[in-house]
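Residue numbers (my numbering): 8 to 62. Backbone N, C-alpha and C fix where the C-beta goes; we use that ideal spot for every residue, glycine too.
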């Protein structure tokens, strides 16, 4: 695997972890953190997917 593939998998797995948050505030905080990470990842498909969650 190359580095971008591994990073994309980490971003995807982190996104799945967001849904384990039990509090709304923690969910929103985690989603904002993930969104920043995804949009700054320099992986175009991840950036495009993250745009679906923009406010």
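Nearest-angstrom beta carbon gap, residue 41 and residue 53 [assumed within contact, 8 Å]: With 8 Å as the limit, residue 53 and residue 41 do not qualify as a contact, their Cβ atoms being about 10 Å apart.
Host alpha helix (DSSP H) of residue 8 (start-end): No alpha helix (DSSP H) contains residue 8, which DSSP labels as neither H nor E.
Buried or exposed by the 16-neighbour rule on C-beta atoms within 10 Å, applied to residue 57: buried
Residue burial classification, residue 133 (beta-carbon count within 10 angstroms, cutoff 16): Outside the modelled stretch of the chain, which goes from 8 to 62, sits residue 133, for which no answer is possible.
Cα-Cα separation, residue 15 to residue 50: 7 Å
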